[in-house]
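Worksheet: one structure, shown below.
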Amino acid sequence: MIRDFFSNYGFIRIFAENENPMNEIKNVCVYSASSTKIDAAYFKAAEELGHLLAEKNINLINGAGCLGLMCSISDAALAAGGTVTGVIPRFMVEQGWHHRGLTRLIETDSMHERKQLMATMSDGVIALPGGCGTLEELLEIITWKQLGLYLKPIVILNVNGFYNPLLEMLEQAIEQNFMRKEHGAIWRVANTPQEALDLLYETPCWNKDVRKFAAI
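With this note's numbering applied, the sequence shown covers 680 to 895.
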């Protein structure tokens with residue numbers, strides 16, 4: 680059974696910068712799929728999230744893709760009067776994989792630079808469903824937070840239970856001592872775009888001292 684680690688474990692106060700946070704959210708990094716063949720429910724969630732970000736005057740940061748959920752969330756945010764900053768490696772631009780209508784397009788030399796810049800610019804991360812690239816981005820930012828390299832909220836938007844197997848795997852890693860039980864508060868889980876956005880505001884930022892607890 681998937682549990683809400685944030686509520687089950689009370690240690691979060693150890694790591695929080697303050698005990699009654701209301702984060703200032705101006706830029707949100709969203710990881711998402713580039714596939715065009717996925718269920719309509721995922722596109723609906725991406726579009727709803729894009730509209731919500733625009734309504735809150737939150738700049739969307741993503742991978743600047745011109746297909747799939749990346750394109751849908753960008754188009755939705757822009758249509759609602761919002762702004763979108765896309766970050767994409769130069770080789771992808773050369774392939775024509777970039778969205779040409781974004782507010783700002785930043786080209787990088789590598790995938791690593793792309794991910795670093797997206798994280799650095801953001802006040803929080805939301806992960807929509809996606810394939811290997813999205814999963815890799817999500818697990819990397821979770822690792823960075825475990826090491827105290829990223830301190831902002833990370834929210835997994837679990838549309839249609841897509842992330843259930845991953846959440847079960849993470850729980851198993853904690854139960855079998857590959858991770859500390861405290862690490863279960865690195866991420867929060869939302870079922871709707873509105874809940875995901877609310878969690879960005881409500882989730883305490885971690886203190887850099889969290890890296891003292893990185894190892895088992």
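Each residue gets a CB set at the ideal place from its N, CA and C atoms; glycine is no exception.
Close Cβ partners of residue i (< 6 angstroms) along its chain, the five nearest in sequence each way excluded
| i | result |
| --- | --- |
| Trp823 | Tyr829 |
| Asn706 | Asn738, Ile740, Met800, Ser801 and Asp802 |
Burial state of residue i, where buried means 16 or more other Cβ atoms lie within 10 Å
| i | result |
| --- | --- |
| His862 | buried |
| Ala719 | exposed |
| Cys811 | exposed |
| Ala798 | buried |
| Gly744 | buried |
| Phe841 | buried |
| Gly775 | exposed |
| Arg867 | buried |
| Ala758 | exposed |
| Pro844 | exposed |
| Gly760 | exposed |
| Gln825 | buried |
| His791 | exposed |
| Thr882 | buried |
| Leu818 | exposed |
| Leu746 | exposed |
Residues near residue i by beta carbon distance below 8 angstroms, same chain, minus five either side
| i | result |
| --- | --- |
| Leu807 | Val709, Tyr710, Ser711, Ala712, Tyr721, Ala724, Ala725, Leu728, Leu748, Ile752, Thr813, Leu836 and Val838 |
Whole-number beta carbon distance between residue j and residue i, since they are thought to touch under 8 angstroms
| i | j | result |
| --- | --- | --- |
| Val763 | Leu781 | 5 angstroms |
| Asn702 | Pro832 | 7 angstroms |
| Ala852 | Met858 | 5 angstroms |
Short CB-CB distance (under 8 angstroms) between residue i and chain D
| i | result |
| --- | --- |
| Leu748 | No chain D is part of this structure, which consists of one protein chain only. |
Spatial neighbours of residue i in its chain, beta-carbon cut-off 7 angstroms, leaving aside the 5 residues before and after
| i | result |
| --- | --- |
| Glu816 | Tyr710 and Lys794 |
| Lys891 | none |
| Ala733 | Ala756, Ala759, Gly760 and Gly761 |
Residue i (DSSP reduced to helix, strand or coil)
| i | result |
| --- | --- |
| Gly765 | strand |
| Ala759 | coil |
| Leu784 | strand |
| Ala875 | helix |
| Trp823 | helix |
| Leu830 | coil |
| Ile737 | coil |
| Cys708 | strand |
### Query
With a cut-off of 8 angstroms, do at least 3 Cβ pairs link the stretch 754 to 773 to the stretch 782 to 791?
As far as the Cβ criterion goes, the stretch 754 to 773 touches the stretch 782 to 791, which means the pair count is three or higher.
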